[in-house]
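Encoded as structure tokens, the structure appears first; notes follow it.
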Amino acid sequence: FVAAAQVLVNSDIKVSANSVNAAQLPTITNLLTNGSFTTSTPGEAAPTGWTVGGTNRIYSGARGADGDGGVSMGFGTGFNDISARSFITQTISTEIGKSYTFQVEAYGWSSGQDSAVTLSAYDGASAAGTATVSENFVCGPDQASETHNNQGRTYSITFTAQSTSTTVRILDSTAALSVGEDLIVDRAIVFETATGYISGSTGATDTSINDTLFGTSANDKMAGGTGNDTINGQGGTNTALYTGSRSQYTITIASG
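The sequence shown begins at 1338 in the numbering used here and counts up one residue at a time.
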């Protein structure tokens, strides 16, 4: 059981003392297989459930943003052909006309130059032709180190399904590849955009990470998981789900 605290932004705060069955709470469905990369076999192989493209090596055992597996692209000496970049793809079932969000965490590894990641969605069962949606994100340098002090940032795109299957792709689009700069990706997830459900450690087994969750103008439902989490519902009528003693929580009303 978990208790639910409902926050009405710019209005009253309502804290429910009643417990509800956790099975009745909305849950996010990750349409990807192995989005957390936790079931990948360490080594130079495709992560379980994913297809590898490009000639650069991909190391699926790299430590990720949530403290377990992740994918390192451009890994190693002599595999830095900028014309044949590393990427991974996966095909999922979608419903025509529905809106979906494709989200990952990414960061650069141990170099002073920027890494970059491109997220794309393709109509059908392959990443061929022109992407329905594609966006490049600069991840910035030194967001991680070889001591595993990982600081992944979240990047996402939204697409509308054109058929009953969609292929999503994560591409290492770093401007100038080098032996010292690898792109690490983790916590990949595709979910129906209309769900408005945000969860700490999304796409992975829950770990004791201090998540910061931001809602939208919709009526979001947010669960922080373990760790010391900060939840900002933004607009709308928002529900924050929590466990533990009520004395451990501080709820502040928004102003303005």
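We put the beta carbon where it would ideally sit given N, CA and C, even for glycine. Just so it is clear, the structure is predicted and the values come from calculations on it, not from any experiment.
Just the Cα atoms here: how many angstroms apart are residue 1397 and residue 1434?
If you number the sequence shown from 1, residue 1397 lands on position 60. If you number the sequence shown from 1, residue 1434 lands on position 97. About 33 Å.
Closest by CA to residue 1389, which one among 1528, 1508, 1521?
Translated into positions along the sequence shown, residue 1389 becomes position 52. The option with the nearest alpha carbon to residue 1389 is 1508.
Spell out the partners DSSP gives residue 1374 in its beta bridges.
Residue 1374 sits at position 37 when you count from the first residue of the sequence shown. Its beta-bridge partners do not exist; DSSP assigns none.
Relative to the C-alpha of residue 1445, which candidate in 1428, 1407, 1460, 1472 has its C-alpha closest?
Indexing the sequence shown from 1 puts residue 1445 at position 108. If we check each option's Cα against that of residue 1445, 1407 comes out closest.
Quick check on DSSP: helix, strand or coil for residue 1531?
Residue 1531 sits at position 194 when you count from the first residue of the sequence shown. Three-state result, residue 1531: helix.
Looking at residue 1438: is its Cβ nearer than 8 Å to the Cβ of residue 1510?
Position 101 of the sequence shown, counted from the first residue, corresponds to residue 1438. Position 173 of the sequence shown, counted from the first residue, corresponds to residue 1510. No, the Cβ-Cβ distance between residue 1438 and residue 1510 is not below 8 Å.
Of the residues 1387, 1458, 1521, the one placed nearest residue 1500, counting alpha carbons only
Residue numbering aside, residue 1500 sits at position 163 when the sequence shown is read from its first letter. It is 1458 whose Cα lies nearest to the Cα of residue 1500.
Limits of the unbroken beta strand (DSSP E) element including residue 1425
Taking the first residue of the sequence shown as 1, we reach residue 1425 at position 88. It spans 1424–1430 - the beta strand (DSSP E) in which residue 1425 sits, taken as one unbroken run.
Taking 8 Å as the limit between beta carbons, can you name the residues of its chain near residue 1369, skipping five residues before and five after?
Within the sequence shown, residue 1369 is the residue found at index 32, counting from 1. Result list for residue 1369: 1386, 1427, 1429, 1505, 1525, 1526, 1527, 1540, in chain order.
Alpha-carbon to alpha-carbon, residue 1460 and residue 1470:
By 1-based counting over the sequence shown, the position of residue 1470 is 133. By 1-based counting over the sequence shown, the position of residue 1460 is 123. Rounded to the nearest angstrom, the two C-alpha atoms are 10 Å apart.
Helix, strand or coil, according to DSSP, for residue 1452 in the structure here?
Start at 1 with the first residue of the sequence shown, and residue 1452 comes out as number 115. Reduced to three states, the DSSP call for residue 1452 is coil.
Do you know offhand how far residue 1424's Cα is from residue 1409's?
Position 87 of the sequence shown, counted from the start, is the residue given in the question as residue 1424. Position 72 of the sequence shown, counted from the start, is the residue given in the question as residue 1409. Looking at the two C-alpha atoms, the distance is approximately 10 Å.
Would you mind working out which of 1475, 1431, 1531 sits nearest residue 1502, comparing C-alpha positions?
Residue 1502 sits at position 165 when you count from the first residue of the sequence shown. Checked all of 1475, 1431, 1531; the closest Cα to residue 1502 is 1431.
For residue 1520, the three-state DSSP class (helix, strand or coil):
Sequence index remark: in the sequence shown, residue 1520 carries index 183 (1-based). Correct three-state label for residue 1520: strand.
At the level of alpha carbons, what is the spacing between residue 1381 and residue 1411?
By 1-based counting over the sequence shown, the position of residue 1381 is 44. By 1-based counting over the sequence shown, the position of residue 1411 is 74. Distance between the alpha carbons of residue 1381 and residue 1411 is about 11 Å.
What's the C-alpha gap between residue 1422 and residue 1522?
Along the sequence shown, one-based indexing puts residue 1422 at 85. Along the sequence shown, one-based indexing puts residue 1522 at 185. The alpha-carbon of residue 1422 is positioned some 15 Å away from that of residue 1522.
Is residue 1367 helix, strand or coil by DSSP?
In the sequence shown, counting from the first residue as 1, residue 1367 sits at position 30. Coil, per DSSP.
So with Cβ pairs under 8 Å, would you call residue 1391 a contact of chain D?
This model lacks chain D altogether; it includes just one protein chain.
Can you say whether residue 1455 is buried or exposed, counting buried as having 16 or more other CB atoms within 10 angstroms of its CB?
Position 118 of the sequence shown, counted from the start, is the residue given in the question as residue 1455. Here residue 1455 is buried. Its C-beta has 16 or more other C-beta atoms within 10 Å.
Beta-carbon within less than 7 Å of residue 1468's beta-carbon, same chain only, minus the 5 sequence neighbours each way: which residues are those?
Stepping through the sequence shown from its first residue, residue 1468 is reached at position 131. These residues qualify, in order along the chain: 1457, 1458, 1459.
Using three-state DSSP, classify residue 1394 as helix, strand or coil.
Here residue 1394 corresponds to residue number 57 of the sequence shown, with the count starting at 1. Coil at residue 1394, not helix or strand.
In terms of residue numbering, what span does the beta strand (DSSP E) encompassing residue 1568 cover?
What you label residue 1568 is simply residue 231 of the sequence shown in a count that begins at 1. Run containing residue 1568: 1567–1569, per the beta strand (DSSP E) assignment.
Just list the residues that DSSP pairs residue 1472 with in beta bridges.
Working through the sequence shown from its first residue, we reach residue 1472 at position 135. For residue 1472, which the question treats as bridged, DSSP gives the partners 1456.
Assigned exposure category for residue 1436 - 16 Cβ within 10 Å defines buried:
Working through the sequence shown from its first residue, we reach residue 1436 at position 99. So residue 1436 ends up on the exposed side.
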